[in-house]
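Enquirer: First residue of the sequence shown? That's 1 in full-length UniProt numbering, and the numbers climb one at a time after it.
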Amino acid sequence: ESIPAYTTLAALSGASSSDCAVGDAGRKTCTLTVATVPANGTATVSLTVTADAALPSGISLYNLVTDEVCQPGDTSCTPPPPCDPATDANQCTTPPEGCDPATDPDHCVSTETDSSQVTVAKRLTGESGTREGKAEAGETLTYTITLTNVGDGEAEQHSFYELLPQYSTLLSIESANPVVSSCQPGDGNRLCRIDVTGPIAGNGGTVDVIVAVRVDDSLPTGVSHLVNIVTDDVNQPPTGCDEAGVCTPPPPGICDDLDPAHCVPTPVGPVLTITKEVKGEPVLVAGSADTFLVTYELTVVNEGGGEGIYDLTDQARFDGDANVIAASYQRGEESAVNLTGSSEWVLATDRNLAAGEQDVYVLNLQVQIAVGSDTSNDTCKVGEGAAGNGLLNNALLQEGETELRDDACVDTPKPGVSSQLAVEKTGSTRDAEIGDLVNYSIRVRNNGDGVAIRPLLVDRLPAGFSVLQDSLRVTGANVESVEGVPGPRIEVTLDRIDPGAEVLLTYSVRLGVGSLEGDGINRVHAECREQASDTSTRTCSNESRWKVDVDAGVFTEEGCVVGQIFVDCSANSIKDEEELGIPGVRLYFEDGTFLISDSEGKYSYCGLRATTHVLKVDKITLPTRSRLVTSSSRNVGDAGSLIIDLKKGELHRADFIEGSCNSDVIEQVKARKAQGEVSSVQTEANQPALKFGSKPAPQGNPLRQGTDSADQPIEQPRRQDGDEDGESNPGS
Numbered sequence: 001e002s003i004p005a006y007t008t009l010a011a012l013s014g015a016s017s018s019d020c021a022v023g024d025a026g027r028k029t030c031t032l033t034v035a036t037v038p039a040n041g042t043a044t045v046s047l048t049v050t051a052d053a054a055l056p057s058g059i060s061l062y063n064l065v066t067d068e069v070c071q072p073g074d075t076s077c078t079p080p081p082p083c084d085p086a087t088d089a090n091q092c093t094t095p096p097e098g099c100d101p102a103t104d105p106d107h108c109v110s111t112e113t114d115s116s117q118v119t120v121a122k123r124l125t126g127e128s129g130t131r132e133g134k135a136e137a138g139e140t141l142t143y144t145i146t147l148t149n150v151g152d153g154e155a156e157q158h159s160f161y162e163l164l165p166q167y168s169t170l171l172s173i174e175s176a177n178p179v180v181s182s183c184q185p186g187d188g189n190r191l192c193r194i195d196v197t198g199p200i201a202g203n204g205g206t207v208d209v210i211v212a213v214r215v216d217d218s219l220p221t222g223v224s225h226l227v228n229i230v231t232d233d234v235n236q237p238p239t240g241c242d243e244a245g246v247c248t249p250p251p252p253g254i255c256d257d258l259d260p261a262h263c264v265p266t267p268v269g270p271v272l273t274i275t276k277e278v279k280g281e282p283v284l285v286a287g288s289a290d291t292f293l294v295t296y297e298l299t300v301v302n303e304g305g306g307e308g309i310y311d312l313t314d315q316a317r318f319d320g321d322a323n324v325i326a327a328s329y330q331r332g333e334e335s336a337v338n339l340t341g342s343s344e345w346v347l348a349t350d351r352n353l354a355a356g357e358q359d360v361y362v363l364n365l366q367v368q369i370a371v372g373s374d375t376s377n378d379t380c381k382v383g384e385g386a387a388g389n390g391l392l393n394n395a396l397l398q399e400g401e402t403e404l405r406d407d408a409c410v411d412t413p414k415p416g417v418s419s420q421l422a423v424e425k426t427g428s429t430r431d432a433e434i435g436d437l438v439n440y441s442i443r444v445r446n447n448g449d450g451v452a453i454r455p456l457l458v459d460r461l462p463a464g465f466s467v468l469q470d471s472l473r474v475t476g477a478n479v480e481s482v483e484g485v486p487g488p489r490i491e492v493t494l495d496r497i498d499p500g501a502e503v504l505l506t507y508s509v510r511l512g513v514g515s516l517e518g519d520g521i522n523r524v525h526a527e528c529r530e531q532a533s534d535t536s537t538r539t540c541s542n543e544s545r546w547k548v549d550v551d552a553g554v555f556t557e558e559g560c561v562v563g564q565i566f567v568d569c570s571a572n573s574i575k576d577e578e579e580l581g582i583p584g585v586r587l588y589f590e591d592g593t594f595l596i597s598d599s600e601g602k603y604s605y606c607g608l609r610a611t612t613h614v615l616k617v618d619k620i621t622l623p624t625r626s627r628l629v630t631s632s633s634r635n636v637g638d639a640g641s642l643i644i645d646l647k648k649g650e651l652h653r654a655d656f657i658e659g660s661c662n663s664d665v666i667e668q669v670k671a672r673k674a675q676g677e678v679s680s681v682q683t684e685a686n687q688p689a690l691k692f693g694s695k696p697a698p699q700g701n702p703l704r705q706g707t708d709s710a711d712q713p714i715e716q717p718r719r720q721d722g723d724e725d726g727e728s729n730p731g732s
């Protein structure tokens, strides 16, 4: 048996050979020994050869067998000569000697060679999902299988195996050439035999077979790749699948040993989802009426089979009346992180999230709401135009080219405006003259739970009082407007007063002409608004007052009384140089106001209205045995009192005269003077009580001016019925 050139012995059955073995390459002559050939019977010998991968173009393979039987040791037996293409002039492309297929087809068999050589390569060429190069649940994956004929001759047909990816369903198999498949649309993960029945041109001719599959709607956790395998032919199915077409998904790493043109592992993409919600209602920050704590919760879940890498950004799209003054977030059990900025924050960058895992972010925002602002956009809206209504917050998750969003919104809370203002007004003095400056302070405290928005301080000045320009100063708040300067009604509008806050307002006032005509009382109170835009106000505080007693000063209409009580030893009703004043004597006006004479016996009092007054000596404070004498007709017959007709602005002289000048009086006066300056009234023992009788003690008719030294008896009044022990009532 002559094995054809360009082949290799693959198998031998029905005979044995001592000079050929499987793997021998021809053209080689093999001696075959058949054990038994029955009489009138047949014996069959089968040889299988494999054609070389590269065959010369346009040749035939010749196989020659002889009838001659060579016995062992028979040297006269001539087998067909061998041939080596490497040394043969014709590269063994001609028939061997004695081989003519045309005349002896039973012994010489000629087989034309097909010079085509088809290779198969596969790649992923289409995805309906959003993650390029990643398999996503529910998406369509399109694979292109390219058959390339690298040989010279045309390939009539070619068959190969296609292993559909696990967790997928076949949608279609299409090609420009006719194809026949053992799989049908709807088949799941299984092995398919595909036959391309149309011709494939030689010298690089190609045919594409398009296989489309749909990934299952859910992928189990832990599936990292969807593997698609294709073979060059049907001689051996892909690893992991049996010939019956029941395919077991390749174990992890199976593609590591395969050509990437034949094994296409598509990574399973992560399936990230993000949900956002508001946790509870906005909570008022302690000590504030317009700052609220708003908490959002963001949950990122990887529902896919692969690890996800994402960026997460949070955006505040709040009502224009809301201002973020502080922000922080916490991821899981990690430490809280403070955020900067007021409207957009990065919560994660290149964050890895394993399949089946989740990240929970808690975002805390302190939001200050403009008190009294427009409330038309406080309610959340859905859809287009939602931004700027309520406290809308957007979460933006970026995973590769995939962008996910979710929103959460809560209505804008309303700040408290139930303010309770306490107003206290003080001045720099209680007494002032025309032309003086008085400094006023107004202290306003908010004792309520709400913010006083644009409170109005109303200050009413008394007549003649006027505020100095540019003297107004405010601490603790901003002044929006001042109206009414210089007076008499001043209105000061502040921006706001927070709960527990205190505002101090100071200004200066000059007392002008007309200030004497008023009551000198400065009155102030506060008025509040429900909204900042309100023009109407309501009283929301007490009224505080400060009174200033205004004195005309050099322009006063009041008068002064000055005088002296002295011992008149010369009896000329004039105090001479050597005559002594009596210290410590008390003198009363008709309204109870009293004076005390100083160490010189002098006294004075100002601020008396221009009218008639009475000044009377308290006799109990006179020296013992004193005797007052009249100085003028204004004594009206009573030396112990004087009628004073006071004119506007007058300095009036009112003296009292002690006329006895006896030694006892002189000694007592000197004793009083020896004590120094008077600190209180002086009294002597056994003095009569002070009486306001309008009549002098009876001294006969006519009255006599007597002294103790004259030892003249005092006429006793008649005894009246009911008097006891001879006492009489001089006022009766």
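Even glycine gets a Cβ: it sits at the ideal position worked out from N, Cα and C.
1) By Cβ distance below 7 Å, which residues in the same chain neighbour L392 in space, the five residues on each side in sequence not counted?
2) When we look at the beta-carbon of residue 794 and count the other beta-carbons within 10 Å, is it buried (16 or more) or exposed?
3) Between the Cα of residue 734 and the Cα atoms of A137, N149 and S159, which residue gives the shortest distance?
4) Determine, using beta carbons only, whether D568 and G659 come nearer to each other than 9 Å.
5) DSSP on S13, reduced to helix/strand/coil?
6) For the region 138 to 154 and the region 109 to 129, state whether three or more C-beta atom pairs, one from each stretch, are separated by less than 8 Å.
7) Starting from A155, trace the alpha helix (DSSP H) in both directions and tell me its first and last residue.
8) Are the beta-carbon atoms belonging to A463 and G427 less than 9 Å from one another?
9) Is T48 closer than 9 Å to A10 when the C-beta atoms are compared?
10) Which residue comes first and which comes last in the beta strand (DSSP E) that contains Q315?
11) Is the separation between the beta-carbon of A526 and that of L461 shorter than 9 Å?
12) So, under 8 Å CB-CB, P499 and D449 are touching, yes? Tell me the CB distance rounded to an integer number of Å.
13) Let's see if you can read the secondary structure: which residues bound the alpha helix (DSSP H) around D259?
14) Could you spell out where the beta strand (DSSP E) holding Q668 opens and where it closes?
15) Quick one: Cα of R523 to Cα of S471, how far?
16) From this set, C606, E578, Q668 and T630, which residue's C-alpha is nearest T621's C-alpha?
17) Using 8 Å as the cut-off, can you tell me whether the region 33 to 43 makes contact with the region 76 to 93, which would need three or more C-beta pairs spanning the two stretches below that distance?
18) Suppose you measure from the CA of A25 to the CA of G98; what does that come to, to the nearest Å?
19) Whole angstroms is fine: what's the gap from V246's alpha carbon to V362's?
20) By Cβ distance below 6 Å, which residues in the same chain neighbour Q716 in space, the five residues on each side in sequence not counted?
21) Would you say the region 625 to 636 touches the region 592 to 603, given that touching needs at least three Cβ pairs under 8 Å?
22) If you draw a straight line from the C-alpha of residue 733 to the C-alpha of V617, how long is it?
23) According to DSSP, simplified to helix, strand and coil, what is S709?
24) Under the rule that 16 or more other beta-carbon atoms within 10 Å means buried, what is A654, buried or exposed?
25) Is T621 helix, strand or coil when you go by DSSP?
26) Measuring alpha carbon to alpha carbon, tell me which residue in S13, V278 and K670 is nearest V390.
27) Do V444 and E517 have their C-beta atoms within less than 9 Å of each other?
28) Our contact map puts T299 next to I274 with C-beta atoms below 8 Å; I'd like the distance itself, whole angstroms only.
29) Per the DSSP calculation, residue 750 is bridged to which residue(s)?
30) DSSP state of D19, grouped into three classes?
31) Counting only the same chain and skipping the five closest in sequence on each side, list residues whose C-beta sits under 7 Å from that of S18.
32) Helix, strand or coil for G133 per DSSP?
33) Alpha carbon to alpha carbon, how far is D217 from C20? Give it in angstroms, no decimals.
34) For T140 and G304, what's the separation of their Cα atoms in angstroms?
35) From V528 to T506, what distance separates their C-alpha atoms?
36) Taking all protein chains shown into account, do 16 or more other C-beta atoms lie within 10 angstroms of the C-beta of S573, making it buried, or fewer, making it exposed?
Expert: In brief:
1) R317, F318, C380, A386, D407 and C409
2) In the structure displayed, the chain extends from 1 to 732; residue 794 sits before or after that span and is not available.
3) Only positions 1 to 732 of the chain appear in the structure, and residue 734 is not among them; the question remains open.
4) yes
5) DSSP places S13 in the strand class (E or B) of the three-state scheme.
6) Contact annotation: the region 138 to 154 touches the region 109 to 129, with at least three C-beta pairs closer than 8 Å.
7) Counting along the chain, no alpha helix (DSSP H) covers A155, and no H or E run does either.
8) Between A463 and G427, the CB-CB gap reaches or exceeds 9 Å.
9) yes
10) G308 to F318
11) no
12) Their Cβ separation, rounded to whole angstroms, is 6 Å, which keeps P499 and D449 in contact under 8 Å.
13) D259 -> no alpha helix (DSSP H), and no H or E assigned at all.
14) No beta strand (DSSP E) contains Q668, which is instead part of the alpha helix (DSSP H) from S663 to A674.
15) 18 Å
16) Q668
17) no
18) 21 Å
19) Confidence in V246 is poor, its pLDDT being 41 and thus under 50, which makes the residue's placement too unreliable to answer from.
20) At Q716 the pLDDT is 44, less than 50, meaning the model places this residue with poor confidence; the figure from the coordinates comes in the next sentence. Once the five neighbours on either side are set aside, Q716 has no close Cβ partner at all.
21) no
22) With the chain covering only 1 through 732, there is no way to say anything about residue 733.
23) Note on S709: pLDDT 49, under 50, position unreliable in the model; no value is reported.
24) buried
25) helix
26) According to the sequence displayed, residue 390 carries Gly and not Val. Nearest option by C-alpha distance: V278.
27) no
28) 7 Å
29) Because the chain here runs from 1 to 732, residue 750 falls outside it and cannot be looked at.
30) coil
31) For S18, the CB contacts under 7 Å within the same chain, skipping 5 residues up- and downstream, are T31 in chain order.
32) coil
33) 59 Å
34) 16 Å
35) Checking the sequence, you will find Cys at residue 528 rather than Val. C-alpha separation (whole angstroms): 20 Å.
36) exposed
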